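Residue numbers (the numbering used here), protein chains in the order written: chain A, 22 to 317; chain B, 19 to 790; chain C, 3 to 158. Just so it is clear, CB atoms sit at the ideal spot from N, CA and C, and this is done for glycine as well. Fair warning: this is a prediction, and the values are worked out from it, not measured in the lab. Here the structure comes first, spelled out in structure tokens, and everything after it is commentary.
Right, dumping it as structure tokens:
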């Protein structure tokens, strides 16, 4: 059996306490949320923290609530709770879809949205939907709390804007206005949805009164060092009539914007091809949902 | 009540479903210590020094062992593999030292305290490199090693050469209208049994012997391998085998056992358990042997095969392990279940600085069938003959001679092929539900022999209360051995199934059996059980006759009830044996079955070594759906037919057929050991992916029965044929769907998409290829 | 050392444990409930699956500290006085068990599914069981077993 090396375990009951512990441990401690990433890294010897700060005794971080202007999802909310949340499914389909394809159910019952974000993997399934939904990430550290737009959170593979004293406390999802639709797709090695994304795509579309695309967001996973927003493709769609041609062109542009690498899971060229195909399919999904929204 | 042929519930099911089944890592013994293994980070290096002094002082550590403490080697065919590396390491992951400690964590932590000095050597990373004139030699002293009588090439990396020819190859090719020459590659695979390699060993100072609790499919062969390696006699090595959490051929040789034994020697009297992590199991146990295969086939315009030459280059890994037999026998399957009058094969296995290879559900036949059945479709398409009809035309039938002149009984190649073709609705095209999807159908068949000659001994004892104990060293590895053998015992003797038990194998008390491998158990152990069981019945009825004062010839026994013909029930077995009272009684009988002298093995002079006591033919027909934009291949349906002789337990047969298909789909589409500089890059389940229940296609298992003159209750075997035909069937279906021929496994979406895009480029240049 | 108190198969346990002890290790090595296994240790194989407050989780990725105050069910707790429950009986009846290594996990995953959804459609069954690998390939008969168990209507 793979065994965890010994460590000191702290179980703070408030965010303040957790932050102070992070400072006291001098950056050597790791925070524990669901454990599905940290404990794996520890077992495989990738990290050997002398101290682990278990966040799960902190009350109030595991709720999904309606708040003014949108939804707040606590950072310790398990992915499975997002999956079963009618509130999230209502207007944030991309995030909801992503929660359904993240690993398998027993993992989803442990893994948390904060943990997934905090790992800052470019393959994160949560990140593209959060970005296309225009989410804000609530962070708390010694200096107090701050809000960071989801798209500014990632800095590189495994690196985020969190300072060593900070933890994520929640994610705020604004309520979309107008005729919107969003979707998330990914492809893994086994062809289905439950492997690490070879490529993942989140799309959000807002239509104006005439049915033209008022706004579009396209964010891809696993095609760059961070979740990648296909800004040129998005710009090309703004003001466009949504046709198969304009969507295909946007998908082509998005693929050209990607910077995939060849790694043991896939080649760069395969990822680029996949990016084009998945972006087109996800655009179609999001458009379909947006068009179904009642016109105003 | 007769149990043979009935879908009785597996006798191990209740224990397994309640969590009570004990596997290797569930065993706790008094004084038990836990072992951990330090492994080589280099594919090839001189082992200059191993300093274990700091590890010996670490908390909880009771013993540390390195090659110098335990300088023994072992090997099923060539004694080339050290328990712990002695002066050289030959693959990344090779055991260099081991620690036994009070806790597994303490043992693992102590590994960090062992210092090893390596001097890297140039590594041989592929078989072509291994063959080169100036190749570094992994085993320069190969010619001095204790080994079997097979051909080697001294002072080279070639550890096995096998040749076979039957007929006139020149004439065979000359009489052909077309010649086909194709090259194929079959990749390395991990058995990935859910139970990783685990073993517990205890050294007995009193007789310098060892007791082991192991998870193996061949207790006697492993005992022999250990005893030979350590210079011990059979009574000094005792193996106890309970449930095995899956083997698929991979639990045949010393893996965890090697370290466990070396450590046990250091801590006399204390059992030491070594449990491989999944990562160790993937990279440092044993894998399927990759093969480069060249097939040259002559065929007449009407589709009749005239000759085939098969050339195999096997990538054997750092130690020969039990792969030698694969190189010698595996190529026979390259000729398929077809009438080919002129056949030849040339097979070589080489050492490479990679993970050792060995038996993998099929013993070389999955690799051979990959080549054979892929080429059959290439031939069919070129000749514009339906792939189904090409196979039927050439299919072996009852009474045909095999590739060595042995007359084949109990086989019918056409039957399984026709059944699966019909089930898949061969010849009809299914319209795919979306423009980016294409569907196709493919068919493949295979023939599997069984290792011959092998033998099985069985001892049956009936206790005074009527319970029947069958002693046969046939561990339950998951395929239902215990149940099927119990059914046969119950019927042979005439007792209720519930009265029969097969205790865990203990080599101290069980008689000899060959491996639970080569799909041989039902037939060989079954034959021995039938013989011994009939003897038990005879003696019980004789005893009943004496006690009742009736001529024994007038008596029958069924479900433990003894009846007099024409009269009715007269006694039951339990009460009969109970009459011995405090004097005590056990009714004991034994039997041995060997295939060695069977007249069925008669073949052309000099070719008897190729003979097999029975063949199993299995076919699969597959429907796939390809996403031409992503290259993803999805298997929709598989019809899988296997000729089992007689289904002792139809449910158990279906388990094997279905299980083989799932494994075949997984092997073909998802599994790959990605290597760089001799290091496996994806050595964990995060990136070595097995099929989940989500990947399950519709599977229609079809059991076919036939008549084999010497089979017990008519039963042959099923374990291996279930898995072989899936890969080529998928490749053939892929070709049917989109005209892409993939010749090297695995069939990944990256490969498929690359091929589709290459084809598009070709088409743009006006080449005559239609993606319809 | 930290103190934990948890219920396992309706029996309350209190223990002083090291922080680095996982729930899987606690079950197997402190309580000798060896039905839950390790086959990968990284959350991919599911053989360590147990139910925590009714939810299937990979016990190899859960610290026993996090099971404090919770109700854990393992395979050993399903049978009633040795009598297999509906799901277990269905697995036996349909032939859904081969080597048996994944069986405890598969059964618990099926049990959890039927408690939450007594009449699942095939895609729901597949999704619920996707987290448990079976190398023997018993998937077809596992699906049959779940269907059989659901049909008994015991979980309504």
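Asked                                                                                                                                                                 : Found
By a C-beta neighbour count over all protein chains shown, 10 Å radius and 16 as the cutoff for buried, is residue 16(C) buried or exposed?                           : exposed
Alpha carbons only, please: which of 323(B), 270(B), 384(B) is nearest the one belonging to residue 340(B)?                                                           : 270(B)
Along chain A, in chain order, which residues have C-beta atoms closer than 7 Å to that of residue 64(C)?                                                             : 56, 131
Check whether chain A comes within 8 Å of residue 705(B), counting only Cβ atoms and requiring the distance to be less than that.                                     : yes
Quick one: grab the DSSP three-state call for residue 63(C).                                                                                                          : helix
Decide if residue 600(B) is buried, meaning its Cβ has at least 16 other Cβ atoms within 10 Å, or exposed.                                                            : exposed
List, in order along the chain, the chain C residues whose C-beta lies closer than 8 Å to that of residue 64(A)?                                                      : 43, 44
Using beta carbons (cut-off 8 Å, strictly below), is residue 156(C) in contact with chain B?                                                                          : no
Would you mind working out which of 131(B), 738(B), 515(B), 587(B) sits nearest residue 21(B), comparing C-alpha positions?                                           : 515(B)
Going by beta carbon distance, what residues of the same chain come within less than 7 Å of residue 356(B), once the five residues before and after it are set aside? : 323, 412, 413, 414
Would you mind reading off the limits of the alpha helix (DSSP H) that contains residue 517(B)?                                                                       : Neither: residue 517(B) is in no alpha helix (DSSP H) and is coded neither H nor E.
Name, in chain order, the residues that DSSP records as bridge partners for residue 605(B).                                                                           : 480(B)
Listed in chain order, which residues of the region 499-527 of chain B have Cβ atoms closer than 9 Å to some Cβ of chain A?                                           : none
Would you mind giving the Cβ-Cβ distance between residue 311(B) and residue 207(B), rounded to the nearest angstrom? I have them listed as a contact below 8 Å.       : Their Cβ separation, rounded to whole angstroms, is 16 Å, which puts residue 311(B) and residue 207(B) out of contact at 8 Å.
Rounded to whole angstroms, what's the CA-CA distance from residue 303(B) to residue 50(C)? Just pull it up for me.                                                   : 22 Å
Below 8 Å between beta carbons: does that hold for residue 325(A) and residue 150(A)?                                                                                 : With chain A running from 22 to 317 in the structure shown, residue 325(A) is simply not present.
On the three-state DSSP scale, how would you describe residue 447(B)?                                                                                                 : coil
Just verifying my parser: in three-state terms, what is the DSSP assignment at residue 719(B)?                                                                        : strand
Relative to the C-alpha of residue 131(B), which residue among 598(B), 663(B), 115(B), 292(B) is closest?                                                             : 115(B)
Could you name the residues that DSSP lists as bridge partners for residue 113(B)?                                                                                    : 57(B)
When we look at the beta-carbon of residue 12(C) and count the other beta-carbons within 10 Å, is it buried (16 or more) or exposed?                                  : exposed
Compile a chain-ordered list of the residues in the region 665-697 of chain B whose CB is closer than 7 Å to at least one CB of chain A.                              : 688, 692
Can you tell me the Cα-Cα spacing of residue 196(A) and residue 90(A), whole angstroms?                                                                               : 6 Å
Show which residues of chain C have a CB atom less than 7 Å away from the CB atom of residue 118(A).                                                                  : Within chain C, no residue comes near residue 118(A); the closest Cβ sits about 14 Å away, beyond 7 Å.
What residue range is occupied by the uninterrupted alpha helix (DSSP H) comprising residue 542(B)?                                                                   : 539-566
How would you call residue 235(B), buried or exposed, if buried means at least 16 neighbouring beta carbons within 10 angstroms?                                      : buried
Return the residue from the list 493(B), 508(B), 525(B) that minimises the CA-CA distance to residue 534(B).                                                          : 493(B)
Residues bridged to residue 236(A) by DSSP?                                                                                                                           : 227(A)
How is the beta strand (DSSP E) around residue 231(B) delimited, first residue to last?                                                                               : 227-232
Got a sec, what are the start and stop residues for the beta strand (DSSP E) residue 638(B) sits in?                                                                  : 633-645
Report the rounded CA-to-CA distance for residue 100(A) versus residue 106(A), giving the unit in angstroms.                                                          : 10 Å
Would DSSP call residue 684(B) helix, strand or coil?                                                                                                                 : helix
May I ask you to report which of helix, strand or coil DSSP gives residue 305(A)?                                                                                     : helix
List in chain order: all unbroken alpha helix (DSSP H) runs of 4+ residues lying wholly within the region 401-432 of chain B.                                         : 405-412
When you compare only the Cα positions, how much space is there between residue 321(B) and residue 429(B)?                                                            : 22 Å
DSSP puts residue 167(A) in a beta bridge; with which residues?                                                                                                       : 160(A)
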